[in-house]
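Numbering-wise, the sequence shown is residues 48 to 553 according to the working numbering. Where a beta carbon is used, it is the ideal one built from N, C-alpha and C, also for glycine. Please read these numbers as outputs of a predicted model, since none were measured by experiment. Everything on this sheet refers to the single structure shown next.
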Amino acid sequence: MGRYRIRRPVGTLFALTIAGGLLLTGCAGGESNGSSDSNRANRANGSLPFPSPAYSSGRPDTEESANHLSTFALDVDTASYGYARRTLAEGRLPEPSTVRPEEFVNSFRQDYERPHGNGFTVTVDGARTGPGDWSLVRVGLATRAAQPEAERPAAALTFVVDVSGSMGEPGRLDLVKDSLGILTDRLRDDDSIAIVTFSDEAETVLPMTRLGSHRARVHDAIDELEPTDSTNLGAGVRTGYATAVEGLRPGATNRVVLLSDGLANTGDTDADTILERIASARREHGITLFGVGVGSDYGDALMERLADRGDGHTTYVSTAEDARTVFSEQLPQNVELTARDAKAQVAFDPRTVQEFRLIGYDDRRVADKDFRDDRVDGGEVGPGHTVTALYAVRTRPGATGHLATATVRWQDPGTRAPHEESGQLETGALDGDLWHASYGLQLAATAAYFADDLRHGDTHGSALPGRPGLAALADHAGALATRTADTDVRRLAEAIQEASDLQGAD
Numbered sequence: 048m049g050r051y052r053i054r055r056p057v058g059t060l061f062a063l064t065i066a067g068g069l070l071l072t073g074c075a076g077g078e079s080n081g082s083s084d085s086n087r088a089n090r091a092n093g094s095l096p097f098p099s100p101a102y103s104s105g106r107p108d109t110e111e112s113a114n115h116l117s118t119f120a121l122d123v124d125t126a127s128y129g130y131a132r133r134t135l136a137e138g139r140l141p142e143p144s145t146v147r148p149e150e151f152v153n154s155f156r157q158d159y160e161r162p163h164g165n166g167f168t169v170t171v172d173g174a175r176t177g178p179g180d181w182s183l184v185r186v187g188l189a190t191r192a193a194q195p196e197a198e199r200p201a202a203a204l205t206f207v208v209d210v211s212g213s214m215g216e217p218g219r220l221d222l223v224k225d226s227l228g229i230l231t232d233r234l235r236d237d238d239s240i241a242i243v244t245f246s247d248e249a250e251t252v253l254p255m256t257r258l259g260s261h262r263a264r265v266h267d268a269i270d271e272l273e274p275t276d277s278t279n280l281g282a283g284v285r286t287g288y289a290t291a292v293e294g295l296r297p298g299a300t301n302r303v304v305l306l307s308d309g310l311a312n313t314g315d316t317d318a319d320t321i322l323e324r325i326a327s328a329r330r331e332h333g334i335t336l337f338g339v340g341v342g343s344d345y346g347d348a349l350m351e352r353l354a355d356r357g358d359g360h361t362t363y364v365s366t367a368e369d370a371r372t373v374f375s376e377q378l379p380q381n382v383e384l385t386a387r388d389a390k391a392q393v394a395f396d397p398r399t400v401q402e403f404r405l406i407g408y409d410d411r412r413v414a415d416k417d418f419r420d421d422r423v424d425g426g427e428v429g430p431g432h433t434v435t436a437l438y439a440v441r442t443r444p445g446a447t448g449h450l451a452t453a454t455v456r457w458q459d460p461g462t463r464a465p466h467e468e469s470g471q472l473e474t475g476a477l478d479g480d481l482w483h484a485s486y487g488l489q490l491a492a493t494a495a496y497f498a499d500d501l502r503h504g505d506t507h508g509s510a511l512p513g514r515p516g517l518a519a520l521a522d523h524a525g526a527l528a529t530r531t532a533d534t535d536v537r538r539l540a541e542a543i544q545e546a547s548d549l550q551g552a553d
């Protein structure tokens with residue numbers, strides 16, 4: 048994770064900049080997470096100034112003027128956590144390279160306030176983690192709740208199914224077929240499905256078909272899927288997008304859904320090369336990619352990069368219950384879009400913040416100057432999603448006042464019009480003890496600490512401030528699960544305990 052020290056600007060220019068910044072951003076608003084009505088109006092037409100002034104000592108483009116900003120593309124992937132749970136259940140610690148903290152954090156429901164229309168609400172809070180002036184700061188973004196099934200736009204989904212030899216392992220193609228069967232029964236009559244398979248070559252086995260009275264035909268095509276030869280994932284993605292373009296439905300949500308173990312070994316095996324070959328379909332027609340990973344031996348890096356660069360997201364399923372959650376309970380957020388190219392920028396006030404670290408999002412960082420450049424790729428987000436970013440923040444000794452302003456920028460999925468929303472945090476709003484803070488903040492911290500331990504173990508130089516040992520962390524997770532009777536949190540506690548037992552056995 049990046050670590051950024053903020054140098055305190057000095058001199059008269061600094062005082063003038065602070066004064067201007069207070070006028071521009073309304074930083075003197077106490078402990079509110081909201082913003083003024085005038086700023087909301089400016090955000091509606093994309094004219095809000097940067098979330099914090101560029102504090103400067105008079106030298107442009109230096110550390111003093113730039114290092115108080117943190118910018119990243121939104122990410123709602125959860126595959127890393129799902130795959131880690133599968134690995135731990137099999138008695139193995141996951142490879143550190145497959146552990147992405149933001150995907151652990153974003154695997155759990157948060158109770159952020161939601162907007163009424165497309166777009167986001169912004170919640171910013173935090174708590175002290177112990178001595179040393181360190182805190183965890185949570186930036187929470189939420190889209191509107193999913194509409195009733197009858198009110199969402201029609202969906203045109205092209206399923207690109209890996210039928211290579213490796214998919215014959217139990218828990219791969221059989222799980223994919225179960226997943227597609229669940230989805231076929233869940234979709235509406237006016238939704239459409241196409242199916243493309245790939246092994247050494249790719250084939251369209253079902254052109255874009257309105258469900259209506261054709262569900263039996265779709266089920267027959269699913270039932271006939273069988274594993275064959277090698278894995279030409281690039282050919283599958285290219286044919287899938289060609290099929291999606293051919294069956295494009297204006298006004299519908301057009302999406303390619305890739306179901307694979309990601310173990311490409313034939314043809315194009317590089318994510319960037321694969322995506323370049325279907326770039327026009329993505330850009331001209333707005334067809335997004337949803338990756339669903341399966342298998343105990345899983346090509347995590349390829350699947351994750353395809354989704355991130357393909358204007359989409361990934362998840363991982365290992366059981367029929369997982370599949371039902373993804374393709375039934377979470378169907379609207381995995382099909383519909385409420386925001387395109389969404390990016391967040393957090394501005395830390397150098398008067399109160401000495402240094403900060405963004406936890407995760409390593410592959411989603413965006414240059415600060417590109418925050419408002421709508422040509423620069425962001426993340427695609429659907430209804431019912433929440434996105435959480437955690438920061439380890441070290442405040443200046445005794446500092447009080449404004450701590451940070453978080454702004455999210457996105458484009459309307461239909462008109463591409465840009466919009467923004469912001470939230471703020473004061474040092475006085477930081478809870479005194481993380482483990483007595485809000486339930487949501489404790490849960491996010493627990494997931495982040497777990498990921499940090501799996502990535503770094505006992506390497507104290509990279510550990511997050513206040514991170515407890517795994518045994519104590521499992522107790523924290525267990526207490527949270529008992530408090531809410533949340534099955535997902537109970538599974539988190541069990542996974543942490545499994546990791547603790549495996550580390551103890553080393």
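Residue closest to residue i, alpha-carbon to alpha-carbon, out of the options
{"i": "Ala491", "options": "Leu450, Arg156, Gly333 and Ser117", "result": "Arg156"}
{"i": "Ala249", "options": "Glu216, Thr256, Gly287 and Thr320", "result": "Gly287"}
{"i": "Leu272", "options": "Val208, Ala526 and Gln401", "result": "Val208"}
{"i": "Ala203", "options": "Leu253, Ala289, Leu295 and Gly129", "result": "Leu295"}
{"i": "Pro297", "options": "Gly461, Arg502 and Gly551", "result": "Gly461"}
{"i": "Gly342", "options": "Thr316, Ser211 and Thr435", "result": "Ser211"}
{"i": "Phe245", "options": "Ala436, Asp267, Val265 and Pro274", "result": "Pro274"}
{"i": "Tyr496", "options": "Arg324, Ile406 and Gln471", "result": "Ile406"}
{"i": "Asp421", "options": "Val169, His523 and Ala464", "result": "Ala464"}
{"i": "Asp505", "options": "Arg538, Asp221, Gln550 and Gly525", "result": "Gln550"}
{"i": "Pro200", "options": "Leu234, Val304, Gln544 and Thr170", "result": "Leu234"}
{"i": "Gly525", "options": "Asp548, His503, Thr493 and Pro512", "result": "Thr493"}
{"i": "His432", "options": "Thr125, Phe119 and Ile53", "result": "Thr125"}
{"i": "Asn381", "options": "Gly259, Thr361 and Ala451", "result": "Thr361"}
{"i": "Ile53", "options": "His266, Ile325, Arg538 and Thr442", "result": "Thr442"}
Own chain partners of residue i with C-beta closer than 6 Å, once the 5 adjacent residues on each side are dropped
{"i": "Arg191", "result": "Arg161, Pro162 and Pro430"}
{"i": "Gly81", "result": "For Gly81, the pLDDT reaches just 37, beneath the cut-off of 50, and the residue's location in the model is therefore unreliable, leaving the point undetermined."}
{"i": "Cys74", "result": "Caution applies to Cys74, whose pLDDT of 35 falls short of 50 and renders its modelled position unreliable; the model cannot decide the point."}
{"i": "Ala268", "result": "Ile242, Val252 and Leu253"}
{"i": "Ala120", "result": "Lys390, Arg411, Val413, Gly425 and Gly426"}
{"i": "Arg324", "result": "Arg285"}
Helix, strand or coil at residue i [DSSP, three-state]
{"i": "Val169", "result": "strand"}
{"i": "Asn279", "result": "coil"}
{"i": "Gly426", "result": "strand"}
{"i": "Ala526", "result": "helix"}
{"i": "Gly228", "result": "helix"}
{"i": "Gly138", "result": "coil"}
{"i": "Asn86", "result": "Only weak support is given to the placement of Asn86: the predicted model assigns it a pLDDT of 39, under 50, and the value that follows is read from those uncertain coordinates. If DSSP states are grouped into helix, strand and coil, Asn86 belongs with the helices."}
{"i": "His483", "result": "helix"}
{"i": "Phe155", "result": "coil"}
{"i": "Glu254", "result": "For the sequence presented, residue 254 should be read as Pro rather than Glu. Strand, per DSSP."}
{"i": "Pro465", "result": "strand"}
{"i": "Ala241", "result": "strand"}
{"i": "Val434", "result": "strand"}
{"i": "Gly470", "result": "strand"}
{"i": "Gly448", "result": "coil"}
Alpha-carbon to alpha-carbon, residue j and residue i
{"i": "Gly516", "j": "Ser365", "result": "28 Å"}
{"i": "Arg371", "j": "Gly215", "result": "21 Å"}
{"i": "Asp276", "j": "Thr231", "result": "26 Å"}
{"i": "Ala299", "j": "Gly475", "result": "47 Å"}
{"i": "Tyr130", "j": "Tyr363", "result": "6 Å"}
{"i": "Glu383", "j": "Pro254", "result": "21 Å"}
{"i": "Asp499", "j": "Arg412", "result": "18 Å"}
{"i": "Phe374", "j": "Gln471", "result": "36 Å"}
{"i": "Gln401", "j": "Ala289", "result": "51 Å"}
{"i": "Thr435", "j": "Asp158", "result": "11 Å"}
{"i": "Ala311", "j": "Thr278", "result": "5 Å"}
{"i": "Lys390", "j": "Val123", "result": "12 Å"}
{"i": "Arg356", "j": "Glu196", "result": "29 Å"}
{"i": "Phe403", "j": "Arg257", "result": "51 Å"}
{"i": "Leu140", "j": "Ala546", "result": "7 Å"}
{"i": "Asp410", "j": "Arg264", "result": "41 Å"}
{"i": "Leu378", "j": "Arg329", "result": "21 Å"}
Cβ-based neighbour list, residue i, same chain, cut-off 7 Å, excluding 5 preceding and 5 following
{"i": "Ala174", "result": "Ser182, Leu183, Leu477, Asp478, Asp480, Leu481, Ala484 and Leu488"}
{"i": "Arg419", "result": "Arg456"}
{"i": "His332", "result": "Val292, Leu295 and Asn301"}
{"i": "Val423", "result": "Val413 and Asp417"}
{"i": "Ile229", "result": "Ala370, Arg371, Phe374 and Ser375"}
{"i": "Asp108", "result": "Reliability fails at Asp108, whose pLDDT of 32 lies under 50, so the model's placement of it is uncertain and the value that follows must be treated cautiously. Once the five neighbours on either side are set aside, Asp108 has no close Cβ partner at all."}
Supposed contact pair residue j and residue i - C-beta distance, whole angstroms, cut 8 Å
{"i": "Arg147", "j": "Ser117", "result": "Between Ser117 and Arg147 the Cβ distance is about 17 Å, and since that is not below 8 Å, they are no contact."}
{"i": "Thr176", "j": "Asp247", "result": "Contact flag wrong, Cβ pair sits at about 52 Å."}
Chain-order list of residues whose beta-carbon lies under 8 Å from that of residue i (same chain, five-residue window excluded)
{"i": "Gly166", "result": "Thr190, Arg191, Thr385, Ala386, Trp457, His466 and Glu468"}
{"i": "Ile321", "result": "Leu280, Gly281, Val284, Arg285, Asp315 and Leu353"}
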